[in-house]
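Working notes for the structure below.
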Amino acid sequence: MAETPEPIRFDTKIAVLLRHDLASWQALNVTGFLVSGIATDKDLIGDAYEDADGTEYLPMIRQPIVVLAGDAEQLRAAHAKAVARELPTAVYTSEMFATGNDRDNRAAVRAVRRDDLDLVGIAVHGPKNAVDKTFKGAGLHP
Numbered sequence: 085m086a087e088t089p090e091p092i093r094f095d096t097k098i099a100v101l102l103r104h105d106l107a108s109w110q111a112l113n114v115t116g117f118l119v120s121g122i123a124t125d126k127d128l129i130g131d132a133y134e135d136a137d138g139t140e141y142l143p144m145i146r147q148p149i150v151v152l153a154g155d156a157e158q159l160r161a162a163h164a165k166a167v168a169r170e171l172p173t174a175v176y177t178s179e180m181f182a183t184g185n186d187r188d189n190r191a192a193v194r195a196v197r198r199d200d201l202d203l204v205g206i207a208v209h210g211p212k213n214a215v216d217k218t219f220k221g222a223g224l225h226p
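Each residue of the sequence shown is one higher than the one before, counting from 85 in my numbering.
The structure is reproduced here in structure tokens:
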């Protein structure tokens with residue numbers, strides 16, 4: 085009889101927190117951008133996929149990502165905690181909706197002091213406990 089493989093457990097967690105009042109297209113866009121920042125950690129990327137016909141597909145992040153929603157104050161608080169805990173963090177600000185490229189996105193963030201960023205989303209990766217404490221009080225995105 086074949087053995088059932090042990091469940092895969094992760095010591096780390098990836099979480100995205102979005103401002104709850106974003107339009108659907110904005111929430112999806114912001115999530116995609118934020119996760120692309122987290123994906124720069126090559127240790128998080130799994131192996132390439134392949135279907136039964138041998139068609140290869142790109143590898144993806146190898147662990148689940150939780151997407152949460154909160155208000156502007158929850159975003160500010162979570163951002164401050166993530167920075168204080170030195171967790172790898174990606175940010176998306178409201179000003180970035182008006183830009184059309186990476187250079188202008190970086191300039192929009194650089195123009196504003198950390199505590200004054202108009203955050204619409206952040207993503208973090210780190211030890212489960214630290215990520216959970218960073219996002220305490222935020223609920224799952226609907």
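Don't be surprised by glycine CBs; every beta carbon is placed ideally from N, CA and C.
Bounding residues of the beta strand (DSSP E) (the contiguous stretch that carries Arg212)
Within the sequence shown, residue 212 is the residue found at index 128, counting from 1. In the sequence as presented, Arg is not what sits at residue 212; that position holds Lys. Premise fails: Lys212 lies in the alpha helix (DSSP H), Lys212 to Thr218, not in any beta strand (DSSP E).
So, are the CB atoms of Leu112 and Gly205 less than 7 Å apart?
By one-based count along the sequence shown, residue 112 stands at place 28. By one-based count along the sequence shown, residue 205 stands at place 121. No, the pair does not count as a contact, with Cβ atoms beyond the cut-off.
Nearest-angstrom Cα separation, counted from Asp202 out to Arg160
Residue 160 sits at position 76 when you count from the first residue of the sequence shown. Residue 202 sits at position 118 when you count from the first residue of the sequence shown. Taking C-alpha positions only, Arg160 is separated from Asp202 by approximately 9 Å.
Taking all protein chains shown into account, do 16 or more other C-beta atoms lie within 10 angstroms of the C-beta of Asp196, making it buried, or fewer, making it exposed?
Here the question's residue 196 lines up with position 112 in the sequence shown. In the sequence as displayed, the identity of residue 196 is Val instead of Asp. Classification for Val196: exposed.
Applying the 10 Å Cβ sphere with the 16-neighbour rule, what's the burial state of Phe94?
Locating residue 94 in the sequence shown gives position 10, counting from the first residue. Classified as exposed, Phe94 has fewer than 16 neighbouring CB atoms from the shown chains inside 10 Å of its CB.
Can you give me the start and stop residues for the beta strand (DSSP E) that Ala174 sits inside?
In the sequence shown, residue 174 corresponds to position 90, counting from 1. Boundaries of the beta strand (DSSP E) harbouring Ala174: Thr173 to Thr177, taken from the DSSP string.
Distance, Cα to Cα, Asp199 vs Gly138?
Counted from its first residue, the sequence shown places residue 199 at position 115. Counted from its first residue, the sequence shown places residue 138 at position 54. Note on geometry: alpha-carbon atoms of Asp199 and Gly138 lie some 50 Å from one another.
If you measure between the beta carbons of Ala192 and Glu179, is that distance less than 7 Å?
Numbered from its first residue, the sequence shown carries residue 192 at position 108. Numbered from its first residue, the sequence shown carries residue 179 at position 95. A contact, by the Cβ cut-off of 7 Å.
Out of Ala123, Pro89 and Ala222, point me to the one whose CA is closest to Thr173's CA.
To locate residue 173, count along the sequence shown from 1; it is residue 89. Out of Ala123, Pro89 and Ala222, Ala123 has the C-alpha closest to the C-alpha of Thr173.
From Glu37 to Met144, what does the alpha carbon distance come to, in whole angstroms?
Since the first residue of the chain shown is 85 and the last is 226, residue 37 is not available in this structure.
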